[in-house]
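Working notes for the structure below.
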Amino acid sequence: MSEKLDFFIIDDSDVNNYYTEDLLNEFEFTNSITTFLKATEGLAELTKRIQEKTKLPDVVFLDIRMPEMDGFEFIEELDEVLDDQELTSKIFILTSSKHRRDVESFEKQKIACEFLNKPLEKNEIISMVDKHFS
Amino acid sequence: MEEIHRLLRRQIERSGVNLKATEDGRALLDTLDKTYKHFEDERKILEESAKRMLERISSSNENLLTIISTLDGFNYHVSHDLKTSMIHTVSLSKMIQKYQEAENPEKVKEILNKLVNNSENGLNLVEKFLRISQFNTQLVEQDLTTINIPDLINSIAKELDFKSPYEINFAQTEFTELNAKEVGIQSLFHNLLTNAIKYRESKRTLKIDIRLVQNGRDKLIYFKDNGIGIDLESNRDKMFKPFVRIENGLNKEGTGVGLFLVKKIVGEHNGTIKVNSVLDEGTEFIITF
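What follows is the structure, encoded as structure tokens:
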């Protein structure tokens, strides 16, 4: 891998963010980790960076069930912001849900590329990074 | 039935026997008419009761469908919350393992504190779900009693902490007594009142207007506040669903269970609930029993 990676974690659960952040920090390839407890805040930051054409995170871990705006609403909003531009960030859904409803919603959309279950495992991160960034 | 009756009479006339000519014949015809009229009446009653039964079946089918979809939402929520809590436990335990091996007692201590917190939250969650299901059983099992609505509302209001001045007006009282399940009606008004307090507009005195209107056999309760209101366009469908929080009330404490219970209680009494609301002006619930 040529460059180090910047991560966003969007999840209303601070325990999960604490865990994922700790796990990501084990890796050499991790450059930075930014966490957002609200989808709206994560969306605002991404929107700002897309509009200002500044560096986007390489990976966004996105939870599904969050109050106010959930993961799929986030994806819809982001899709509108992008307006046919390609998103350079990889969006990984990171959820505790294995519910059919959520898997179907994931399959219908085009922005997120992986559907991962919590808790995230070390070898999962390695294989995801290999798959998308080597 | 009438058709068969007519045909039979015509056949008798065609056979050449003039039943109308003799006393016995006329009596026979009369009996025949009466018998058929009796059959016809019976048929109508059967038809009517079959129709009523069908109506009842399709309405209970609809009820079942609502219950299933509510349960589906309820189960989804409960299982998700419990699973989240367990995943937190697993995640934190794994971290403890890692830092234990790395001999970092400070970090282990930090994670253990989070683990204790998380376990306590999990326990509260389970207790909350148990309370809801217990309430359901209680509600179904309770008998109807006569409840004085204004007395009940006033006594609940006395127990509540309104934090600042408020007014409750019974603007119209065409009835005061309701035959209903007390535990349910008590919880219903408790929820409506706490919502009115929670979502009050702090710039004005909280005013709750209650009207009890008798409309034929229906008893209508209008419960209106002057709070922050609800954006019905985006929330009408979800406001009575379990564990859903309305956007402009997210900064207020709540579990998202109140209105779900209110609707359940109304449904348990075969009643209906409607809502009108204008943002920044207030919300009105109309309950029909």
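As they're listed, the protein sequences go chains A and B.
Under this note's numbering, the first residue of the first sequence is numbered 769, with each subsequent residue one higher.
Under this note's numbering, the first residue of the second sequence is numbered 1142, with each subsequent residue one higher.
Just so it is clear, CB atoms sit at the ideal spot from N, CA and C, and this is done for glycine as well.
Computed from a predicted structure; not experimentally measured.
Cβ shell of residue i (< 8 Å), same chain only, five flanking positions each side left out
i	result
Glu1409 of chain B	Leu1280, Val1281, Lys1322 and Gly1325
Glu794 of chain A	Lys890
Local Cβ density within 10 Å of residue i, reported as buried at 16 or more and exposed below that
i	result
Gly1399 of chain B	buried
Met834 of chain A	buried
Arg1341 of chain B	buried
Val828 of chain A	buried
Asp1182 of chain B	exposed
Leu791 of chain A	buried
Asp1199 of chain B	One point to set straight first is that residue 1199 of chain B is Ser, not Asp, in the sequence displayed. Exposed is the call here.
Asp1222 of chain B	buried
Ser1190 of chain B	exposed
Ala1243 of chain B	exposed
C-beta neighbour in chain A for residue i, strict 8 Å
i	result
Leu1233 of chain B	yes
Tyr1363 of chain B	no
Ile1228 of chain B	yes
Thr1335 of chain B	no
Tyr1217 of chain B	yes
Asn1259 of chain B	yes
Met1236 of chain B	yes
Thr1207 of chain B	no
Lys1379 of chain B	no
Thr1225 of chain B	yes
Lys1382 of chain B	no
Lys1255 of chain B	yes
For residue i, the nearest candidate out of the options (CA to CA)
i	options	result
Gln1327 of chain B	B:Thr1413, B:Glu1425, B:Ile1294 and B:Asp1284	B:Ile1294
Asn1376 of chain B	B:Gly1166, B:Thr1424 and B:Lys1175	B:Thr1424
Phe776 of chain A	A:Asp831, A:Pro825 and A:Thr856	A:Pro825
Leu1319 of chain B	B:Leu1353, B:His1331, B:Gln1313 and B:Lys1348	B:Leu1353
Lys1360 of chain B	B:Lys1339, B:Ile1428, B:Ser1343 and B:Leu1187	B:Ile1428
Thr803 of chain A	A:Asp780, A:Lys823 and A:Glu820	A:Asp780
Tyr786 of chain A	B:Tyr1217, B:Asn1332 and B:Leu1256	B:Leu1256
Other residues of its chain near residue i: CB distance less than 6 Å, five sequence neighbours each side excluded
i	result
Leu884 of chain A	Phe860 and Leu862
Ser1220 of chain B	none
Asp870 of chain A	Ile832
Any chain B beta carbon closer than 8 Å to residue i
i	result
Ser865 of chain A	yes
Lys886 of chain A	yes
Arg833 of chain A	yes
Asp790 of chain A	yes
Val783 of chain A	yes
Same chain only: Cβ atoms within 7 Å of residue i, ignoring 5 sequence neighbours per side
i	result
Ser873 of chain A	Phe840
Leu1301 of chain B	Leu1334, Thr1335 and Ile1338
Asn1289 of chain B	Thr1317 and Glu1318
Asp782 of chain A	Leu805
Pro887 of chain A	Tyr787
Residue i CB to nearest heavy atom of the ligand ZN below 7 Å
i	result
Arg869 of chain A	Of the ligands one can find in the structure shown there are none, so the ligand ZN has no counterpart to examine.
Chain D within 8 Å of residue i, Cβ atoms only
i	result
Lys1250 of chain B	The displayed structure is made up of protein chains A and B, and chain D is not among them.
Task: Cβ pair count under 8 Å reaching 3, the segment 797 to 815 of chain A against the segment 832 to 845 of chain A - done: In the pairwise beta carbon analysis, the segment 797 to 815 of chain A is classified as touching the segment 832 to 845 of chain A: at least three pairs are separated by under 8 Å.
TODO: Could you tell me whether the segment 1366 to 1373 of chain B touches the segment 1416 to 1425 of chain B, where touching means 3 or more Cβ pairs closer than 8 Å?
DONE: Using a Cβ-Cβ distance cut-off of 8 Å, the segment 1366 to 1373 of chain B and the segment 1416 to 1425 of chain B are in contact, since at least three pairs of beta carbons, one from each stretch, lie closer than that value.
Task: Segment contact flag, the segment 1265 to 1272 of chain B with the segment 1301 to 1311 of chain B, C-beta cutoff 8 Å, min 3 pairs - done: No, they do not touch.
TODO: Count the C-beta pairs between the segment 1270 to 1279 of chain B and the segment 1229 to 1238 of chain B that are closer than 8 Å, then say yes if the count reaches three, no if not.
DONE: Judged by Cβ distances under 8 Å, the segment 1270 to 1279 of chain B makes no contact with the segment 1229 to 1238 of chain B, as fewer than three pairs qualify.
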